[in-house]
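Notes to accompany the following structure.
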Amino acid sequence: MRSIRGSGLFSGTGLVIAGLVATLAAMAFPLWSYADRSGTGVDALNAGTVSTGYGPLSAQDRDFVTKVRLAGLWELPAGQQAQERGTTEAVHTAGEHLVEGHTFLDRRVRDVAARLGLELPNQPNEQQREWLGTLGTARGGEYDVQFANILRRAHGKVFGLVAQVRANTRNSLVRDLADDANTTVLDHIEVLEATGLVDFEALARDAAGASAPPLTVSPAPPGPTVSPDLPVPVSPSPARTYPLPPAATSPPPRGPTEAPRSTG
1 MRSIRGSGLF SGTGLVIAGL VATLAAMAFP LWSYADRSGT GVDALNAGTV
51 STGYGPLSAQ DRDFVTKVRL AGLWELPAGQ QAQERGTTEA VHTAGEHLVE
101 GHTFLDRRVR DVAARLGLEL PNQPNEQQRE WLGTLGTARG GEYDVQFANI
151 LRRAHGKVFG LVAQVRANTR NSLVRDLADD ANTTVLDHIE VLEATGLVDF
201 EALARDAAGA SAPPLTVSPA PPGPTVSPDL PVPVSPSPAR TYPLPPAATS
251 PPPRGPTEAP RSTG
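When we follow full-length UniProt numbering, the leftmost residue of the sequence shown carries the number 1, and every step to the right adds one.
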């Protein structure tokens, strides 16, 4: 009987201990954030980030600095070429803006890279060399069209990257460089579009092919047969008003012979 009672005692104690362990584990689980597990986005961010005197420098930051340099390596000569080969004043103007903008940005990115200890490329990448090759073989009006569309497509892609880096970077040097890049890229987009040669339909098709489908899908053709009613605006509640007190006025000045008024 004693052995049976003893085993039962130990069995009950084991159940209590197991229950306590399970309870503690359940309480501790929320403290272990899923975002901090190995292989998640935060884990990758931490693994690719290094400390600098200007704030954390992520892998995306370093990639952005490299791409700013690469952009200048091919867009600056493309702008010089446009000034020579372009057949319209608008193309000449766009080329001038490219030269000025990337001369400025290249100086900025080399300064940033030196402060952060980053090595920069000295040659355009393969895709950029292909673009320069295409422009190099074009002549006349065909050159103008190729120039406007190749450069506009490239600037549109980098514009999104600049915005993403500017929104997320924790490094002050990269943040300032993103500001300068944003201003420069937007200026180049505008002067390229001002040539009147940009094929916006092709740009839209390229963007659609590279992006995910929208979350909200429009009705398939032919769509609804009855036109929906116009939306009825909701009248806002009348704002509560508070009357202002009357303006303060000063009593008129008394003349030298005027007797003071009686207060009685």
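Every residue, glycine too, gets a C-beta built ideally from N, C-alpha and C.
Just tell me which of the options has its CA closest to the CA of residue i.
{"i": "Asp61", "options": "His92, Ala71, Arg170, Ala90", "result": "Arg170"}
{"i": "Glu75", "options": "Ser51, Thr88, His97", "result": "His97"}
{"i": "Gln123", "options": "Glu100, Asp179, Leu70", "result": "Leu70"}
{"i": "Gln146", "options": "Ala78, Thr49, Gly72", "result": "Ala78"}
{"i": "Leu45", "options": "Asn168, Ala202, Ala204", "result": "Asn168"}
{"i": "Thr103", "options": "Asn125, Leu132, Gly209, Leu73", "result": "Leu73"}
According to the Cβ coordinates, are residue i and residue j closer than 7 Å?
{"i": "Ala94", "j": "Val162", "result": "no"}
{"i": "Thr195", "j": "Val91", "result": "yes"}
{"i": "Gly206", "j": "Asn149", "result": "Correcting the residue identity first, residue 206 is Asp in this sequence and not Gly. Cβ atoms of Asp206 and Asn149: not closer than 7 Å."}
{"i": "Arg166", "j": "Ala154", "result": "no"}
{"i": "Gly86", "j": "Asp144", "result": "yes"}
{"i": "Gln128", "j": "Val99", "result": "no"}
{"i": "Leu151", "j": "Tyr54", "result": "no"}
What residue does the alpha helix (DSSP H) around residue i start on, and which one ends it?
{"i": "Thr169", "result": "From DSSP, Thr169 is part of no alpha helix (DSSP H); its letter is neither H nor E."}
{"i": "Arg107", "result": "89-116"}
{"i": "Arg69", "result": "59-85"}
{"i": "Arg205", "result": "200-210"}
{"i": "Gly136", "result": "126-137"}
For residue i, count the other beta carbons within 10 Å of its own beta carbon; 16 or more makes it buried, fewer makes it exposed. Which is it?
{"i": "Ala181", "result": "buried"}
{"i": "Ala220", "result": "Reliability of the predicted coordinates at Ala220 is poor, the pLDDT of 48 falling under 50, and no value is obtained from them."}
{"i": "Leu197", "result": "buried"}
{"i": "Arg37", "result": "A caution first: Arg37 carries a pLDDT of 49, below 50, which makes its placement in the model unreliable, though a value can still be read off. Its Cβ having fewer than 16 others within 10 Å, Arg37 is exposed."}
{"i": "Gln164", "result": "exposed"}
{"i": "Leu105", "result": "buried"}
{"i": "Ala82", "result": "buried"}
Within 8 Å, do at least three Cβ pairs link the region 50-70 to the region 103-119? yes
Taking 8 Å as the cut-off, does the region 46-60 touch the region 99-110 (at least 3 CB pairs, one atom from each stretch)? no
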